[in-house]
Amino acid sequence: MFKAIGYKEWLKIRWAALGIIIAFILVFINTALTLSYIVRTSDPNLYWNNLIFRMSLYYSLLKYLPLLAGIIISFFQFFPEISENRLKLALHLPLNEKSIILNMVAFGTTTLLAIFLFIILLFTLMILYFFPVEFLYSFLITTAPWFLAGLTIYWLASSIFVEPMWLFRRLFLILISIAYISLLYASKGYNNFEVSIHWFFLISIFLSVSILISTARFKKGVI
Amino acid sequence: MLLKLSRIVLIFIVILIASVYLPHFYWMAASPRIHKPNIYYSPVIKKFLTFKYDNNPNVFCTASDGKTYSRKGSDTLLPFLNYRLLAAKSSMPDSIDDIEIILEDVRRNNFLLRTRPYQLDLPQIPVYPLFESKPERLQLEIPECFFRITKDKMDFINTKTNKQNKQLTEIFTKSLVKAGFSFPSKNIFGNPTTRKAFDEGYFVIDNNNFVYHIKMLKGKPFCVKTGIPNDIRIKKIIIKENSLKEFYGHMITKDDRVFFILYDQYKLQELPNEGYDSSRDHVFMVGNLLYRTISFISTNSVTSTVVNRQYKIVDTLKKTWKDKYQLTPGIISSYIFPFTIMTQDRSSYFTNIFIKHISFKAIYLHIFLLIFTIIYYIKRKKSMIKNWLDLIFVLLFGIYGFISILLFQREDIE
C-alpha cells in the first residue's frame, strides 16, 4: 500500500522536481562560470578579500531557490488533493489516516532533501576547486537556514493547502509561515546562524507535524 | 496523543513568533527619539564638555561646572579636535600648559577609536592576507597568497590556483616554530586593509594562549613571541596602525579589562575600565597631544575617564539618561509583554535567540486574560478540566499565550 502511495506521489511531482533540479543546475553553472571568469580575467586576491572581509556572497543566487522549491513541491503534491476534495478518498483507504498523510509528507520531504543534497554536493565540489576548505564550512553554515527554510515552507504550505477553513485559519497559517521564514532570512553577511542553526532546526522539525492538525480538521470537515 | 503533542508544539511556536513580532511592531510604532550626549574633555578649561541636542540655539555644550557655551565658543575649548578649523581661522592657541602647539604634532597625536560591542563577536572565514610591511613602492597591496594556520603549519594558499605556496609556507612555519609557537592558533587578529599608512601584520594566539606577532618584512617572516602573559583571557585585539607608533592597538579581555599593546616591547598599558561591560558598551577613545579620554557608552549612560599621557587618571564623569525602556512607551510595554525575543542583539553579529526585557509587571494583564479566557470558555460550554493546559499557557505567557490558544483550539483535534 505504501509503495502505491509513493508511486502516486511520484506521478504528481516528478515534472516539478525535474524543473527544480534544472533551475538549481542553472544557478550552479552560473556561479561556477562567474568564479572561473573572475579567476581567469581579474585578480582573485581582491575577490577573496571582498568575500572574506566585505562579506559578499558569491552564491547569493541560491538564496530563495530552496524556498521556491518547497512551495512548488507542496503545491504539486497537495493542490490536486484538495481540489474536489480528493484527499477524502486517500483518507478512506484501509490505513491509519495519520500514517497516510505522514507518508505523503515524508515522500515530499525526501524528494526535497535529495535535491538539496545533490545541489550542496555540486557546490561543495566547486568551492573546493576554487577555495580552501574554510570557505566550504562558511558556505554550509550560511546556506543552512535557506535550505531549512525550503523544508519548513514545504511542511507549512502542505498544512495550509490541507487546512479546510479558508479565511481565518488559512490566512493565519500563512501569516505564521511568513513570520517564521523571515526569521530564517534575517541574516547579513556569512556564518550568521553559526551559533543558533540547531535551535531553528529543532523548531522547524516540530513545525513539520502541523499538517496533522490540518488533516484532523479536514477529516472532521470544519468549514 | 501525537495530535495533542503537535498542538502544544504549535502553540509554543506561535508564542515564539508572537514574542518576536508583537514587541517589534510595538516599538516600530512607539519608539521615541533619544538624544545621547557626546562628551569631550577640554584641555583648555580642564573640564568635561557635554554636547547634547537642545532647543536653545545659544547652548551648544555644557561644561561640568554648569557653564554653557555656544557653538562658536565651544570650538576654541577643544583645540585639538578642531585644529583644522581653528588653524584655518588662525585662532589656534600658541601653547597649552606651556607646551608649544605645532600643528604637525597635533595631527600625529590625534586619534579616535570606536569599538562597537558586536565587533567583539564577528563571524570570520579564517583565511587572511599577509601584507608586505615594507613595500618597495610604498603602497600596501593585497598579496597574491592568503594564509591560514592549520594543525601543524602556517599555510599559504595562492588565490589564483588555490594551491599551497610551498616556499612561503615553509619559511613562515619554520620561523614560527623557532619562535616557540605551538600549533594550531586559537585566534588571529589583524587589520587587513590597504587604507592605512603601513602594516603591522597579525597578533596570533597560539595553542598555549601566548600571543605572537607575525608580519612580512621584505618577503621574510617576522615572528616574535610577545611578552603578553598567557593567563590573560583575551576576547579581542583590535589592531589599528597609527603613525604615532605608540601602540599597535587595544585589547579587550573576557573580564572586561582594556589594554593598549605598546610598541615598547609589547608591554601592556591598562586603561581605566570603570563601569565597562563589553557585551553592552561601545568603547570610544579620543587621544590628543595632552590627554586620552576613554568612554564606555551604553544605551542609557556614559562613563568617561581622562588620563594624561602617563596614564594617570585626571578626571571622571558619568552621565545617565533614560533609554526607551525607561520612558513612557517602555513602561507601557513592560505591562503588556512578559518578555521579548530578539534574533539580533547589540552584543553579537550572530543571529541567535535572545530572551530580553523580562517583565513581571505584565502579570496583571496575564490575570486579566486568564479571567477573560475562563469566562469565554464557560460561555462556550468548554470544560475547564479538559482545557487546563490552555489556562496555564495564558497565565505563563500572557498575551502571547492567549493569542496562540485562540488559534489552536482543543476541539480541532478531537
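Heads up: the protein sequence lines correspond to chains A and B, in order.
Residue numbers for the first sequence follow our numbering, so the first one is 6 and each next one is one higher.
Residue numbers for the second sequence follow our numbering, so the first one is 9 and each next one is one higher.
Quick reminder that beta carbons are idealized off the backbone N, C-alpha and C, glycines included.
Contacts that SER14 (chain B) makes with chain A (C-beta to C-beta distance below 7 Å) | VAL214, SER215, LEU217 and ILE218
From the DSSP output, read off the bridge partner residues of MET293 (chain B).
-> B:LEU121 and B:ILE302
Could you say if the region 183-201 of chain B and the region 124-143 of chain B meet the contact criterion of at least three C-beta pairs nearer than 8 Å?
-> yes
For LYS262 (chain B), I'd like the list of residues in its chain whose CB is within less than 7 Å of its CB, leaving aside the five on either flank, ordered along the chain.
-> ARG241 and LYS243
According to DSSP, is LEU189 (chain A) helix, strand or coil?
-> helix
When burial is assigned at 16 or more other CB atoms within 10 Å of the CB, is GLY81 (chain B) buried or exposed?
-> exposed
Please report the Cβ distance between LEU296 (chain B) and PHE68 (chain B), rounded to the nearest whole angstrom; I am assuming they are in contact, meaning their Cβ atoms lie under 8 Å.
-> In the sequence as presented, Leu is not what sits at residue 296 (chain B); that position holds Asn. No, ASN296 (chain B) and PHE68 (chain B) are not in contact; Cβ-Cβ is about 20 Å, not under 8 Å.
Could you tell me which residues DSSP pairs with HIS221 (chain B) in its beta bridges?
-> B:PHE211 and B:VAL232
Go ahead and label SER103 (chain B) buried or exposed: buried means 16 or more other beta carbons lie within 10 angstroms of its beta carbon, across all protein chains shown.
-> exposed
Cα-Cα, which of B:ASN316, B:ASP285, B:SER287 and B:PHE304 is closest to MET293 (chain B)?
-> B:PHE304
For PRO45 (chain B) versus LEU335 (chain B), is the C-beta spacing smaller than 8 Å?
-> no
From the DSSP output, in three-state form, read off SER98 (chain B) for me.
-> coil
Between the region 17-31 of chain B and chain A, which residues of the former have CB atoms less than 9 Å from a CB of the latter, in chain order?
-> VAL17, LEU18, PHE20, ILE21, VAL22, LEU24, ILE25, ALA26, VAL28 and TYR29
Between the region 88-114 of chain A and chain D, which residues of the former have CB atoms less than 8 Å from a CB of the latter, in chain order?
-> In the structure shown, chain D does not exist; the protein chains are A and B.
List the DSSP bridge partners of HIS258 (chain B).
-> B:ILE246 and B:PHE268
Proximal residues to GLU199 (chain A) (C-beta, below 8 Å), its chain only, five neighbours per side dropped = ILE146
Establish whether the CB of ILE228 (chain A) and some CB of chain B are separated by less than 8 Å.
-> Bear in mind that the predicted position of ILE228 (chain A) carries a pLDDT of just 45, short of 50, making it unreliable; the figure below should be weighed with that in mind. No, ILE228 (chain A) does not count as interfacial toward chain B.
ARG116 (chain B) versus B:TYR91, B:ASP129 and B:ARG124, residue with shortest Cα-Cα distance | B:TYR91
Nearest neighbour of ARG19 (chain A), chosen from A:GLY155, A:LEU62 and A:ALA119 [CA to CA] = A:ALA119
Which bits of chain B does ILE181 (chain A) rub up against, with CB to CB less than 9 Å?
-> LEU18, ILE21, VAL22, ILE25 and LEU415
Can you name, in chain order, every residue of its own chain whose Cβ lies under 6 Å from the Cβ of SER182 (chain A), other than the five neighbours on each side?
-> LEU161
Going along the chain, which residues of its own chain have a beta-carbon closer than 7 Å to the beta-carbon of ILE228 (chain A), five neighbours each way excluded?
-> Here the model assigns ILE228 (chain A) a pLDDT of 45, short of 50, so the residue's position is not dependable, and the following value carries that caveat. Here the set comprises PRO169 and MET170.
Using the beta-carbon of each residue, which ones in chain A are nearer than 9 Å to GLU152 (chain B)?
-> ASP48, PRO49 and ASN50
So what does DSSP say about VAL314 (chain B), is it helix, strand or coil?
-> strand
Which of helix, strand or coil does DSSP assign to VAL200 (chain A)?
-> coil
Which residues in the same chain have their Cβ closer than 8 Å to the Cβ of LEU212 (chain A), if we skip the five residues on either side of it in sequence?
-> THR157, TRP160, LEU161 and TYR185
Give a yes or no on whether the C-beta atoms belonging to LEU56 (chain A) and TYR63 (chain A) are separated by under 8 Å.
-> yes
8 Å Cβ cutoff, LEU176 (chain A) in contact with chain B = no
Contacts of PHE358 (chain B) in chain A (Cβ-Cβ under 8 Å) = ASN196, ASN197, PHE198, GLU199, VAL200 and SER201
DSSP state of ILE228 (chain A), grouped into three classes?
-> Annotation note: pLDDT 45 at ILE228 (chain A) (below 50); position unreliable, coordinate value reported separately. Coil, per DSSP.
Nearest-angstrom Cα separation, counted from THR123 (chain B) out to ASP289 (chain B) | 9 Å
Identify every residue that forms a DSSP beta bridge with THR76 (chain B).
-> B:THR70
Compare the Cα-Cα distances from SER192 (chain A) to each of B:THR169, B:THR351, B:GLU419 and B:ASN316 and report the closest residue.
-> B:THR351
Nearest to ASN234 (chain B) by alpha carbon, out of B:TYR210, B:ASP160, B:LYS248 and B:LYS204?
-> Residue identity differs from the one stated: residue 234 (chain B) is Thr in this sequence, not Asn. Cα-wise, what sits closest to THR234 (chain B) is B:TYR210.
Beta-carbon separation (whole angstroms), PHE189 (chain B) vs GLU249 (chain B), contact threshold 8 Å | Not quite, the Cβ-Cβ distance comes to about 23 Å (not below 8 Å), so this is no contact.
Residues in its own chain within less than 8 Å of LYS159 (chain B) by CB, not counting five upstream and five downstream?
-> PHE191 and PRO192
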